[in-house]
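Below is one structure, written out as structure tokens; comments come after it.
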Amino acid sequence: MKSDIDDMDAQHIAAIDQQEVAINHTITEITQAIVDLKRLMERLQDKLDTKLAITFLLDEPQILIDVKTEYTELRSVSCLSYSELWTCGYDENILRLYNLQGELLRSIQTKSGHWPWDIAETRSGDLVYVDYVDSSINLVREKQSIQWDDQGKPLYSSGILNFKYISENRNSDICVADGGAGAVVVVSAAVKLHFRYTGPPSTSQGSFDPVGIITDSRANILTNTLMEVQMPADCVLIQRDKPPNEV
1 MKSDIDDMDA QHIAAIDQQE VAINHTITEI TQAIVDLKRL MERLQDKLDT
51 KLAITFLLDE PQILIDVKTE YTELRSVSCL SYSELWTCGY DENILRLYNL
101 QGELLRSIQT KSGHWPWDIA ETRSGDLVYV DYVDSSINLV REKQSIQWDD
151 QGKPLYSSGI LNFKYISENR NSDICVADGG AGAVVVVSAA VKLHFRYTGP
201 PSTSQGSFDP VGIITDSRAN ILTNTLMEVQ MPADCVLIQR DKPPNEV
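Here UniProt numbering is used: the first residue of the sequence shown is 1, the next is one more, and so on.
Dropping the structure here:
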């Protein structure tokens, strides 16, 4: 009889221990969800304040904050909000999130182990980075790699020296300036090839070399390009309401 009672006690204790583990796991998930929601609220408030505020260009730039990073050479910066920013550096496969006080909040290693060439932040707060070695675009939160089109063909050029620059448009398109391919490649949020821009109609093959890429409030795309070695750099505006040439 005593043995049966001891067995029942042991089973009850084991069940209680399992419930405790499950409860602690749930508490951890809830705590993380609260942190994520607070960050989302901060980003939304920042965007709202930006839309409401009227600012004027300064004649002289002002340095408001100097954030020290752990990189020997800083490669790229993307602002998560007014108080947090993602960074990446040369010859290092770690992406780091800092606040404006210089405190390290989070660090992520690239999927391939290669150092990223460029980074960007999506409207939903996800981090996107370019892997220049395997020619892939990687979405960190979803652990998604954007590399092939519907026909299984590569979206981007290959080769270590074919550098790429990335930015997310306000319509959630992922825009990449692919210097190796001589094109601006735009992929939709559903990971579908939207279009590939290879320069104005008069551009000769191989002369369009986009370097850097940004978007504006109207979802237009702006890239800088060296059309020819003998010519100075030109800026190219790809307007959303005018279909670019596709290849």
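We treat Cβ as the ideally placed atom computed from N, Cα and C, and that holds for glycine.
Secondary structure in the stretch 79-140: the beta strand (DSSP E) runs of 3 residues or longer, each lying completely within the stretch, are 84-89, 94-99, 104-109, 116-121, 127-131 and 136-139 in chain order. Counting the other Cβ atoms within 10 Å of the Cβ of residue 116 gives 16 or more, which makes it buried. Taking all protein chains shown into account, residue 178 has 16 or more neighbouring C-beta atoms within 10 Å of its C-beta and is therefore buried. Excluding residues up to 5 positions away in sequence, 71, 73, 74 and 75 lie with their Cβ nearer than 6 Å to the Cβ of residue 89 in the same chain. For residue 225, the closest alpha carbon among the candidates 218, 209 and 213 is that of 209. The C-alpha of residue 215 lies about 16 Å from the C-alpha of residue 164. Judged by their CB atoms, residue 133 and residue 112 are nearer to each other than the 8 Å cut-off.
The residue from 195, 189 and 181 with its alpha-carbon nearest to that of residue 207 is 181.
When secondary structure is reduced to three states using DSSP, residue 223 falls in the strand class. Here residue 147 has 134, 135, 136, 137, 154, 155 and 156 as same chain residues with Cβ atoms under 8 Å from its own Cβ, once five neighbours each way along the sequence are excluded.
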